Each structure stands twice: as structure tokens, then as C-alpha cells.
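Q:
Number of protein chains: 2
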Amino acid sequence: MQITQFLRRAVQTHGDGIATRMGERSQSWHQFADRAARLAGAMQGLGLQRGDRVGILALNSDRYLEAFFGLATAGVIFVPINTRLAPPEIVFWLADSGCAGVLVDDAFAPVLASIRPQTPELRHVVHIGDGPTPDGMLAYEDLLAAAAPAADAGAGGSDIVGIFYTGGTTGRSKGVMLSHDNIVGNALNMLKEVPVEASSCYIHAAPMFHIADGAMTFLMTAYGASHRFLARFDPVAMMQLVARERVTHSLIVPTMINMLVNHPELAAHDMSSLAWMLFGASPMPEALLRRALATLPGTKFMQAYGQSEASPCLTLMPPQFLALEGPHAGRLKSAGLGLAGLDIAILDEDDREVPRGTVGEVCARGNVVMQGYWKQPELTAQALRNGWLHTGDGGTMDADGFIYIVDRVKDMIITGGENVYSAEVEEALYSHPAVAECAVIGVPDAQWGERVHAVVRFKPEREASEAELIAHCRARIAGYKLPRSVSVTAEALPLSGAGKILKTELRKPFWAGHSRGVA
Amino acid sequence: MQITQFLRRAVQTHGDGIATRMGERSQSWHQFADRAARLAGAMQGLGLQRGDRVGILALNSDRYLEAFFGLATAGVIFVPINTRLAPPEIVFWLADSGCAGVLVDDAFAPVLASIRPQTPELRHVVHIGDGPTPDGMLAYEDLLAAAAPAADAGAGGSDIVGIFYTGGTTGRSKGVMLSHDNIVGNALNMLKEVPVEASSCYIHAAPMFHIADGAMTFLMTAYGASHRFLARFDPVAMMQLVARERVTHSLIVPTMINMLVNHPELAAHDMSSLAWMLFGASPMPEALLRRALATLPGTKFMQAYGQSEASPCLTLMPPQFLALEGPHAGRLKSAGLGLAGLDIAILDEDDREVPRGTVGEVCARGNVVMQGYWKQPELTAQALRNGWLHTGDGGTMDADGFIYIVDRVKDMIITGGENVYSAEVEEALYSHPAVAECAVIGVPDAQWGERVHAVVRFKPEREASEAELIAHCRARIAGYKLPRSVSVTAEALPLSGAGKILKTELRKPFWAGHSRGVA
Numbered sequence: 328m329q330i331t332q333f334l335r336r337a338v339q340t341h342g343d344g345i346a347t348r349m350g351e352r353s354q355s356w357h358q359f360a361d362r363a364a365r366l367a368g369a370m371q372g373l374g375l376q377r378g379d380r381v382g383i384l385a386l387n388s389d390r391y392l393e394a395f396f397g398l399a400t401a402g403v404i405f406v407p408i409n410t411r412l413a414p415p416e417i418v419f420w421l422a423d424s425g426c427a428g429v430l431v432d433d434a435f436a437p438v439l440a441s442i443r444p445q446t447p448e449l450r451h452v453v454h455i456g457d458g459p460t461p462d463g464m465l466a467y468e469d470l471l472a473a474a475a476p477a478a479d480a481g482a483g484g485s486d487i488v489g490i491f492y493t494g495g496t497t498g499r500s501k502g503v504m505l506s507h508d509n510i511v512g513n514a515l516n517m518l519k520e521v522p523v524e525a526s527s528c529y530i531h532a533a534p535m536f537h538i539a540d541g542a543m544t545f546l547m548t549a550y551g552a553s554h555r556f557l558a559r560f561d562p563v564a565m566m567q568l569v570a571r572e573r574v575t576h577s578l579i580v581p582t583m584i585n586m587l588v589n590h591p592e593l594a595a596h597d598m599s600s601l602a603w604m605l606f607g608a609s610p611m612p613e614a615l616l617r618r619a620l621a622t623l624p625g626t627k628f629m630q631a632y633g634q635s636e637a638s639p640c641l642t643l644m645p646p647q648f649l650a651l652e653g654p655h656a657g658r659l660k661s662a663g664l665g666l667a668g669l670d671i672a673i674l675d676e677d678d679r680e681v682p683r684g685t686v687g688e689v690c691a692r693g694n695v696v697m698q699g700y701w702k703q704p705e706l707t708a709q710a711l712r713n714g715w716l717h718t719g720d721g722g723t724m725d726a727d728g729f730i731y732i733v734d735r736v737k738d739m740i741i742t743g744g745e746n747v748y749s750a751e752v753e754e755a756l757y758s759h760p761a762v763a764e765c766a767v768i769g770v771p772d773a774q775w776g777e778r779v780h781a782v783v784r785f786k787p788e789r790e791a792s793e794a795e796l797i798a799h800c801r802a803r804i805a806g807y808k809l810p811r812s813v814s815v816t817a818e819a820l821p822l823s824g825a826g827k828i829l830k831t832e833l834r835k836p837f838w839a840g841h842s843r844g845v846a
Numbered sequence: 328m329q330i331t332q333f334l335r336r337a338v339q340t341h342g343d344g345i346a347t348r349m350g351e352r353s354q355s356w357h358q359f360a361d362r363a364a365r366l367a368g369a370m371q372g373l374g375l376q377r378g379d380r381v382g383i384l385a386l387n388s389d390r391y392l393e394a395f396f397g398l399a400t401a402g403v404i405f406v407p408i409n410t411r412l413a414p415p416e417i418v419f420w421l422a423d424s425g426c427a428g429v430l431v432d433d434a435f436a437p438v439l440a441s442i443r444p445q446t447p448e449l450r451h452v453v454h455i456g457d458g459p460t461p462d463g464m465l466a467y468e469d470l471l472a473a474a475a476p477a478a479d480a481g482a483g484g485s486d487i488v489g490i491f492y493t494g495g496t497t498g499r500s501k502g503v504m505l506s507h508d509n510i511v512g513n514a515l516n517m518l519k520e521v522p523v524e525a526s527s528c529y530i531h532a533a534p535m536f537h538i539a540d541g542a543m544t545f546l547m548t549a550y551g552a553s554h555r556f557l558a559r560f561d562p563v564a565m566m567q568l569v570a571r572e573r574v575t576h577s578l579i580v581p582t583m584i585n586m587l588v589n590h591p592e593l594a595a596h597d598m599s600s601l602a603w604m605l606f607g608a609s610p611m612p613e614a615l616l617r618r619a620l621a622t623l624p625g626t627k628f629m630q631a632y633g634q635s636e637a638s639p640c641l642t643l644m645p646p647q648f649l650a651l652e653g654p655h656a657g658r659l660k661s662a663g664l665g666l667a668g669l670d671i672a673i674l675d676e677d678d679r680e681v682p683r684g685t686v687g688e689v690c691a692r693g694n695v696v697m698q699g700y701w702k703q704p705e706l707t708a709q710a711l712r713n714g715w716l717h718t719g720d721g722g723t724m725d726a727d728g729f730i731y732i733v734d735r736v737k738d739m740i741i742t743g744g745e746n747v748y749s750a751e752v753e754e755a756l757y758s759h760p761a762v763a764e765c766a767v768i769g770v771p772d773a774q775w776g777e778r779v780h781a782v783v784r785f786k787p788e789r790e791a792s793e794a795e796l797i798a799h800c801r802a803r804i805a806g807y808k809l810p811r812s813v814s815v816t817a818e819a820l821p822l823s824g825a826g827k828i829l830k831t832e833l834r835k836p837f838w839a840g841h842s843r844g845v846a
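As they're listed, the protein sequences go chains X and B. Add 327 to a position in the first sequence, counting from 1, and you land on the number used in the numbering used here. Add 327 to a position in the second sequence, counting from 1, and you land on the number used in the numbering used here.
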């Protein structure tokens, strides 16, 4: 299979339907397919070959969607780049993946220009913004106008179509290689659960660089549904777009739902078209779900659980089970049931299935399991050992197959839908000359679900203020990864028998009365 | 992926639900999975290895379903055998596929015993009937009771899970090799279109040896839906079973629908549970559809089009388009839209896409395309040339992507849902000493859609009666393939420039005022 088959299907069944609309710009699936084919032709004209990598560093837009399909048509692997990264991280992603080109919009043209000297492999920078094209960059519309539409280069099946970077527990991001079959498989798995028609309209409200938004991108396209775009999430902008464009489907994180349903302007906008709201990254607190159901009575909420390594969706919670009352109540904390194209199981340390209700690691096999980590055969072998994708999440399964995520085996914090690997933050803190020992943990936060918290012990006769430590980190890692709070201890941090810092002990005082989970 | 993952999902999510009920026999998914694992263990105990073949020659039953999953668990390839074959054809299927074993029920134990001397490779015959086990056969229940449940042998992905024989244009059946991914892919493609829940109940009314019934078998299992069985199709038995078991889903052919909706007893049975009726093999004549909609007002009808080589489904016609009136009327003859996991296209002789509305060959790529014909690399290369499955069916596509089948490029007749390849019947006729020249064509038939008709020219001074010709064929080919009528001509049959018999000319007088198609 090929992800481009979804575009062909959209053209075949709804060629004159609106593919994308953004601001004043609108195009049919016929037009969209022509532009994607021209982008493929332009890439080939630049000398890019099947299997080469091209980054995308941009806010959400119709151009982003064109890039997915245009690059895939040429057999070029796309590398969506997190827009919140610090410049050194962008350099690392581009260099690690060996990007020969990058597409960049107005918001990121300046930073790209500034780091370009550090990315010698980057031969082509294509400007997909609306403003004037900066010096040294190629203008997207000029490229498309000059290019001949290219035929599909034939990449498909287990060929890599995209590399999605995820935080690394060793302090470095690693590139999750997803194949055409992976991404098509995710769409097929989800289509049973998420009703989609050609009349559906999807809003890209979560960032398109993240495969979570990608979970919906491709299945929507397969059915010729229409796409709308928020350059970046903003609750009022979302309300306006939903009301004006009669948006039917969205996928956001509980933090965003929180901003939406508690916003004073919500009642002023007609949200009645919004039939489906998927949410991921963390479960919805009961108070928030109550509020959401009350303020958006026409919307069905559906929890999704997964990770980039699973393209991304492993489970979905059918909306009838996301109930406060009635026969299906009591499962609010569940991430739902495994999808049809995969096996999901809770395994012990020897990869044997544990009894129902017992905590183990959530593991999966099937059509959505990544091809591996880019240039990381050892990490790949570790993650995929014994034929199972090991998610790093601790969980249980009940008698009816519902999955509950109880803890993350990987040392990771999910804050506002973004994954922050503690090790990466700790590395930044440790680089401060005053820090003797530190541990970074997630602590409950009403707005972000969790926030990044650092516990620090200083070297003898040394110390630093909270603001100073955070400023030190800011030069090294993305803003969303920065500690939001710091506590200082004079004691050595508690260690496990194996000599690892016992983060469970550090978390305890913060989490009393809270439920922590990923889902 | 593995087809066994569907069984694991059923156990995981609805382990105590009723998997199968047949007569007095009923079992949960837990019990079913245990029996399937024991069957796998028994097969291994008999020395069968991954990749070995085992035939199934039986009427529909719960044992048939166990066989699919038990054999797949052991990595043994199942070979479902058409129950209407003549003994020499059964010998050919078993020998061609190299079956080391066969499962046989009461109905076919005698014929199997009679042909066994001709099948030296057949080491094990397992009796899955309810009557006493014949001499020389192994009793199914004894085998299961003695076997330890086997773990899944790990066959999956592109490994062959089943060989489904289909008529051969060269007069011999050929084995369509379907992989685990093919059959799982078909289920995933269809799940978007056919609503299925754990509370659904599917009746195996069409023969289980045919992959058409298999289209529903596996997706139903994935969602823990319940299975019921008609040993062989009978309209009254179907009505009784639907009413008693509250059956919700079926897949049959228009000939069977015809028998059902025109049956005087229909009104005496409560058919209100039957929400979904899929039908394949041929389109429903408008008069029949009117009758069906009137007599089964609570049932949604959905046309499916495909072939064994496509695991089997290529298109589905959403029920809202199968309308006599309203905005979606006028598409009764359409086979529907291509499914999401595949590309469908109408290609010319050079495999270039033709303009919409132009007749070409229906071709497909994607997750359901067979792995090839068993031991027929040349036929495989021909069918799958240029990366496309060539269905052999002529068709068009309209502006909205709807497929219309206008003719069969392959010389094949579909009668009562069974494919009859003309060449095979002609070979039988040609073996009669009086026949100089013959051509076998499909002609319209009110009951069977098409019936097999032979046009014969005798040798000088020789002739034979219609009854004699049919009796001659009966010893050689299955009953459903026999000519139902014969016309004799003194003229040489009309030939094309290339020297082929012009069957279009022969068909013309029969088809005036009729529409011929497969869909």
C-alpha cells in the first residue's frame, strides 16, 4: 500500500470536492493532486532521489498537507520537525536524518537561515510561506509552476514514508521510521471507529508535525473529507473556524479541550457541527469531561492512546464507554480497546502475558508497528524484541479487554500533549556548574495535565536561583521542556538497589490524591 | 498481521460471548480458542509442519470455522474444497495443492473414501462429522481431547494462510494463494462500510469453502460477533435460523435472495433482526431489488464486488446508493466504490488508465491482492503484471468513482453465484466423439442470473442428443458447470481476426434486452 492511494481515492470519488481551505485559499482534490504531483516533480528536478529525506519546519497549513503527499509521491521521506525546538535541536534533527532539503514557512525562515551554516548536508531550502522568499531559499509557488507533474515513484509497502522524531531517554531525540503500510494501516484500523464521510471536515488544530494529528490526516483524505487548518492552536480561533467552516472532526489534547470548554466566548460560537472530538496524550479528568459534555452536547468524545512508534494509534475508547452514568460508566480512566489490525497485550519482563488486572508493559504487534529507529539498530532491537513493540507504558487490561495506562515505564512527562523525556532536561541541568544531582519529574498541573518539575541538589558551596537554572536550560532545549518549578534538597536523592534515582519516591508528595497516566 | 489476531481479539474483548451455535452445540470464544489451539496441537502431533497443506471438504459448520483458526495457528495452509465438485476434480485439487491431510464431514466421507487410492500424498483424513468415524479416518473430537493446546506457530504477514481454488480458463482450476495480510486487509477495508459489533450475529448461508463467505468470517470474528451456520443454503432454513437466533448479518448471492423474498413462507418468519444483507457475484435485477426492499424493509442491502484473487472484496456499494428513488437513484447497476486499502482503476491493454466512462479492465493494487497462483508462476505474472491485479472483468468508472462491470474479459459464466469457466465445459464437450466445434456461453436465466449454454457443431455424419452430451459432461465436471441447454448449428462458429470464436456474436440473440454483468 501507499499513502498516495488515499489521495487517488479522494480524487477518484470526490475530485471536485474541497480538499483544503485556509484563509482565502481553497482548492479541489483535483487541484490538490496536481500540486502534489508538481511538488514531486520539483523535488526530482532538484535531484532528490527515492529514499532521500526532506524536513518540514512550519506551522500548520494547506502547504504542509501538500508536502506529505508531494514528497511521498516522489518517494522522498518527510521529516516533520517539532516547531517548539531550540535551534541546536533543529540542527540535530536535520543532521541526524540527513535531510537534503527542508520546507520552511515564514515563522521559521529566520531560524532556519541562522542555523544553515551548521547543516552542510542541507542543499535546498524551499520557502512555503506567504511572505517574500528570503535570499538563498527557493519559492514554493515558482517551483510548482515550473515543474511537470511527476508520476508516483512507486515507494510503498514497507518503504519508509516519514521519520517522526520523539524524545530520547538518553537525552537525544530518535527518529521513528514509519512505512507506507504503517500509516495506511493506522487509517484502516481507525476507520471502523471514527465515522468519516466525504462531507466530513477536519480541523488540524494540534500540530501537524506530530503523528497524533497524522492519525486523522490520512483517513480523512481517503474518504475525500475536507481539511481546515489552525496555524497554531488558539481556542478562539478554533471556535471561529469550527463555526464558519462547519468543522465536524478534531483531534486535540485535554489541555486544549480545557482551554476551549472553559473559555468565556464558547457560548457565542456555533459549535453544533463538531460531531467528533478525539483526544490523546492523557486521560480527561472527570471534572473536565463533565464540563465538556455539558458545553458541547452535540460532540462525541473519543480517547485515543498510542505513540509515534505505533503510527500512532493502539487503542480507541468508543464514546459510549466514556460515560459518567449508565451501564458503561466507570471506565473514564480507560484508554479503550485495541484496534482490529493489531494484537495488544500486557506483558511481564519476560514478555509473557500477565493475568487480567495485573500491571505489566503495554505491548503491541501488527500493522502499525514502526520499522525501527533511524540509524539506531540497538534501540530498535530493544523496542521490538520478541516480535512485540514495547511501549514503555505500564498498564492493565480488564476482563473486557479495556486497557488502563497506570504508569510510564519510560521516564517521560506529558505536558500539554508534548512528550518530555526527563533525561534530556536532566542533561541540560547537569551542564550547569552548580548542579550536583538532579531529577526531573512530572507533577500534576491543572492546565497542562503534568508540568516539568526539577529536584536539584547543589555542589558544596555552590547554588543557583530557579530563574538562573531555567535560563541555563533555555539555551539548550525547547521551551516546552523547561522546568516550570524547581525544588532544592540538601539530601542525596533516594536510590534504588540498582543505583537508579527512585523517582517514584520523589513524585509521591506531588501526586497524593491525583491519578497519573498516559492515555 | 495474522488472522489469528482476530480470534485473540474476540477472546480478549468478549471471551464469554457466544462464538458459535449450531443445533444444540454452543461455545464461548474462550472455548472456541481452546479448541482451535488443540486442533493446532493435534496437527503438529500428526507431524504437520508450517507451510503444509490441509484440505477441508465439508458443508458449513462450526467445525469449519474452528478449522480456519486451528490450522492457521499451526501455520498449516488450509485448502477449502468446493463441495459441488465431481470426484476427479476433488482429486485434482488435493493433488495439485499437495494436501497432506483433509478434514471431511459426514456428507463427504464416502466420496473421500472412494478417491483416497488416487491421492497418495494424503496421509491423514480427519472426520469432523457428527456420525460415527469411518474406518481409516481420525475422529476429530478424540484428536482434540488428546492434544495439548499449541501456541501460535508464528505464521503471518505475507505467509500463505489459505489456497482458494478458482476455475481455470485453461480448463483446470488454479489455486489462489492468500496471505494473512490479505485476509486481515480485506476485513479492515470492509469494517468501515459494514457496521459490526459484538452483539452482531452472522449466518454462514453461502458456502464456507468460498472466500466470498470468508469476506465476512474474519471481520465478524475480530469484533467478537457470533456465528451461525446453515449446512447448505435453503430459504426456509435460513428464515427459521434468522428468526430464532436474531441473526443480524448475511452475505448471499442474488439467486438466494430471490428464493428468499419470493418464498410464500417469508411473511411467517420474523426477519426484523436482519439489518445487513451483503450480496455478490452479480447485480440484483431491479424487480428483485424492489421485491427485496418491500419484503425485508428493515434490511440494508449492500452489493459487493470482487474475486478470490482479491481476498475477495474490491468494491462495496453503500446502501444509500442502492436506491430506487431519490437523489442517489440510478446507480443500481454499479458495483460501488473501491475500498480504502486499495487502488482501483480501469486500465487499457497497456495498463494505462482510461478516461471516466470508457470501458477497460478493472484492475487493483493494495492489501487484498493475492500472493499468486499456486505453482503457476506464469499465470501469476500475467495476472499481476505491471503491479496491478487484472481481474479479467471489463468495466467503467463514473465521475464519482462508482464502478460498473460491463463484461467479463475472462471467459466465465456466473450461475447462481458459482463461477464456471467456459473452457472447462468446452473441454468436456470436446471429449465427446461427435463434437466438431463448440462454444459455451452464459445466457440470461430468471433463476440463476445466467445459465450455462452450449453451441455445438457436430462432425460430419455424427450427432448426439442434448441429454447425451450433458450426461457425457456429468462424468467429468461438477453438476453446476453442466450445460443447461444446447443449440446445434451446421455452420462453422464465427471467428475473430485472431481466429478466436466470437462469443459476443453467439451471445447477442440471447442477451437482447438484458444487461449482463458481474458485480
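Even for Gly, the Cβ is constructed at its ideal location relative to N, Cα and C. All values reported here derive from a predicted model rather than from experimental measurement.
1. State the beta-bridge partners of residue 630 of chain B as determined by DSSP.
2. Please identify the residue among X:570, X:779 and X:330 whose C-alpha is closest to the C-alpha of residue 594 of chain X.
3. State the Cα-Cα distance for the pair residue 621 of chain X and residue 652 of chain X, rounded to the nearest angstrom.
4. What number of angstroms, rounded off, separates the C-alpha of residue 761 of chain X from the C-alpha of residue 416 of chain X?
5. Apply the 10 Å Cβ neighbour rule to residue 708 of chain X and answer buried if 16 or more other Cβ atoms are within range, or exposed otherwise.
6. Please give me, in chain order, every unbroken run of the alpha helix (DSSP H) with length at least 4 that falls completely inside the stretch 530-604 of chain X.
7. Can you list the alpha helix (DSSP H) stretches of 4 or more residues lying completely in the stretch 454-486 of chain X, in chain order?
8. Does any CB atom of chain B fall closer than 7 Å to the CB of residue 713 of chain X?
9. Are the C-beta atoms of residue 662 of chain X and some chain B residue less than 7 Å apart?
10. Give the DSSP bridge partners of residue 746 of chain B, in chain order.
11. Using alpha carbons as the reference points, say which of X:645, X:513 and X:550 lies closest to residue 635 of chain X.
12. Do we get a CB-CB distance below 7 Å when we pair residue 328 of chain B with the residues of chain X?
13. Is DSSP giving residue 349 of chain X helix, strand or coil here?
14. With DSSP collapsed to three states, give me the class of residue 805 of chain X.
15. Can you tell me the Cβ-Cβ gap for residue 525 of chain B and residue 549 of chain B, rounded? I've got them flagged as a contact below 8 Å.
16. Look at residue 626 of chain X and residue 649 of chain X and say whether their C-beta atoms are less than 7 Å apart.
17. If I measure Cβ to Cβ from residue 340 of chain B and keep anything under 6 Å in the same chain, skipping five residues before and after, which residues do I get?
18. In chain order, what residues of the same chain have a beta carbon less than 8 Å from the beta carbon of residue 574 of chain X, not counting five sequence neighbours either side?
19. Since residue 419 of chain X is in the alpha helix (DSSP H), which residue starts that stretch and which ends it?
20. Could you check what DSSP says for residue 841 of chain X in three-state terms: helix, strand or coil?
21. Between which residues of its own chain and residue 458 of chain B is the CB-CB distance below 7 Å, once the five residues before and five after are set aside?
22. Quick one, are the C-beta atoms of residue 542 of chain B and residue 690 of chain B less than 7 Å apart?
23. Starting from the C-beta of residue 497 of chain B, find all residues in its chain whose C-beta is less than 7 Å away, skip the five residues before and the five after it, and write them out in chain order.
24. Helix, strand or coil, according to DSSP, for residue 382 of chain X in the structure here?
25. On a Cα-Cα basis, can you pick out the residue from B:679, B:673, B:694 and B:698 that is closest to residue 687 of chain B?
26. Within 10 angstroms of the Cβ of residue 774 of chain X, are there 16 or more other Cβ atoms? Answer buried if so, exposed if not.
27. Mind listing the chain B neighbours of residue 519 of chain X? Cutoff is C-beta to C-beta under 7 Å, in chain order.
28. Could you name the residues of the same chain whose beta carbon sits closer than 6 Å to that of residue 747 of chain B, not counting the 5 residues immediately before and after it, in chain order?
29. Roughly how many angstroms separate the alpha carbons of residue 715 of chain B and residue 692 of chain B, rounded to a whole number?
30. In whole angstroms, what separates the C-alpha of residue 381 of chain B from that of residue 398 of chain B?
31. Could you check what DSSP says for residue 799 of chain X in three-state terms: helix, strand or coil?
32. Indicate whether residue 562 of chain B and residue 535 of chain B have their beta-carbon atoms separated by less than 7 Å.
33. Would you say residue 658 of chain X reaches chain B, if we count a Cβ-Cβ gap shorter than 7 Å as a contact?
34. Given this structure, state the Cα-to-Cα distance separating residue 759 of chain X from residue 803 of chain X, to the nearest angstrom.
A: Judging by the given coordinates:
1. Start at 1 with the first residue of the second sequence, and residue 630 of chain B comes out as number 303. Bridge partners of residue 630 of chain B: B:606 and B:644.
2. Taking the first sequence and counting its residues from 1, the one referred to as residue 594 of chain X is at position 267. Of X:570, X:779 and X:330, the residue nearest in Cα terms is X:570.
3. In the first sequence, the residue the question calls residue 621 of chain X occupies position 294. In the first sequence, the residue the question calls residue 652 of chain X occupies position 325. Looking at the two C-alpha atoms, the distance is approximately 14 Å.
4. Position 434 of the first sequence holds residue 761 of chain X. Position 89 of the first sequence holds residue 416 of chain X. Going by the C-alpha atoms only, they are around 24 Å apart.
5. Your numbering for residue 708 of chain X matches position 381 in the first sequence. Burial call: exposed.
6. 538-549, 562-572 and 581-588
7. 467-473
8. Here residue 713 of chain X corresponds to residue number 386 of the first sequence, with the count starting at 1. Not closer than 7 Å to any Cβ of chain B, the Cβ of residue 713 of chain X fails to qualify, so no.
9. On the first sequence, position 335 is the one that residue 662 of chain X refers to. So, not an interface residue.
10. Counting from 1 along the second sequence, the entry for residue 746 of chain B is found at position 419. Residue pairing by DSSP places residue 746 of chain B opposite B:741 in a beta bridge.
11. Within the first sequence, numbered from 1, the residue matching residue 635 of chain X stands at position 308. Nearest option by C-alpha distance: X:513.
12. Walking along the second sequence from the start, residue 328 of chain B turns up at place 1. True, the Cβ-Cβ gap to chain X drops below 7 Å.
13. For the purposes of this step, residue 349 of chain X is taken as residue 22 along the first sequence, with counting starting at 1. DSSP places residue 349 of chain X in strand when its eight states are reduced to three.
14. Your numbering for residue 805 of chain X matches position 478 in the first sequence. Note: residue 805 of chain X maps to coil in three-state DSSP.
15. As a first step, residue 525 of chain B must be located in the second sequence, where it is residue number 198. As a first step, residue 549 of chain B must be located in the second sequence, where it is residue number 222. Not quite, the Cβ-Cβ distance comes to about 10 Å (not below 8 Å), so this is no contact.
16. In the first sequence, counting from the first residue as 1, residue 626 of chain X sits at position 299. In the first sequence, counting from the first residue as 1, residue 649 of chain X sits at position 322. Using a Cβ distance threshold of 7 Å, residue 626 of chain X and residue 649 of chain X do not count as a contacting pair.
17. For this step, residue 340 of chain B is matched to residue 13 along the second sequence. Contacts found: 551.
18. Here the question's residue 574 of chain X lines up with position 247 in the first sequence. Hits under 8 Å: 528, 529, 530, 555, 568, 600 and 601.
19. Counting from 1 along the first sequence, the entry for residue 419 of chain X is found at position 92. First-last of the alpha helix (DSSP H) with residue 419 of chain X: 414-424.
20. The count along the first sequence starts at 1 and reaches residue 841 of chain X at position 514. In the three-state scheme derived from DSSP, where H, G and I count as helix and E and B as strand, residue 841 of chain X is classed as coil.
21. One-based indexing of the second sequence puts residue 458 of chain B at position 131. Cβ within range, chain order: 433.
22. Working through the second sequence from its first residue, we reach residue 542 of chain B at position 215. Working through the second sequence from its first residue, we reach residue 690 of chain B at position 363. Against a cut-off of 7 Å, the Cβ pair of residue 690 of chain B and residue 542 of chain B comes out as no contact.
23. The residue labelled residue 497 of chain B in the question sits at position 170 within the second sequence. Confidence is the limiting factor: at residue 497 of chain B the pLDDT is only 46, short of 50, which leaves the residue's position unreliable, though a coordinate-based value still follows. If we look at residue 497 of chain B and ignore the five residues flanking it on each side, its Cβ neighbours are 750.
24. Numbered from its first residue, the first sequence carries residue 382 of chain X at position 55. The answer is strand: DSSP assigns residue 382 of chain X an E or B state.
25. In the second sequence, the residue the question calls residue 687 of chain B occupies position 360. For residue 687 of chain B, the nearest C-alpha among the options comes from B:673.
26. As a position in the first sequence, residue 774 of chain X is number 447, starting the count at 1. Exposed.
27. Here residue 519 of chain X refers to the residue found at position 192 when the first sequence is read from its first residue. Those within 7 Å of residue 519 of chain X in chain B are 518 and 519.
28. Position 420 of the second sequence holds residue 747 of chain B. The residues are 740, 779 and 808.
29. Here residue 715 of chain B refers to the residue found at position 388 when the second sequence is read from its first residue. Here residue 692 of chain B refers to the residue found at position 365 when the second sequence is read from its first residue. So the alpha carbons of these two residues sit roughly 5 Å apart.
30. By one-based count along the second sequence, residue 381 of chain B stands at place 54. By one-based count along the second sequence, residue 398 of chain B stands at place 71. Between the C-alpha atoms of residue 381 of chain B and residue 398 of chain B there is a straight-line separation of about 8 Å.
31. Residue numbering aside, residue 799 of chain X sits at position 472 when the first sequence is read from its first letter. Note: residue 799 of chain X maps to helix in three-state DSSP.
32. Stepping through the second sequence from its first residue, residue 562 of chain B is reached at position 235. Stepping through the second sequence from its first residue, residue 535 of chain B is reached at position 208. For residue 562 of chain B and residue 535 of chain B, no; Cβs fall outside 7 Å.
33. Counted from its first residue, the first sequence places residue 658 of chain X at position 331. Taking Cβ atoms only, chain B never reaches closer than 7 Å to residue 658 of chain X, which makes this a no.
34. As a working mapping, residue 759 of chain X is identified with position 432 in the first sequence. As a working mapping, residue 803 of chain X is identified with position 476 in the first sequence. Cα to Cα, the separation comes out at about 11 Å.
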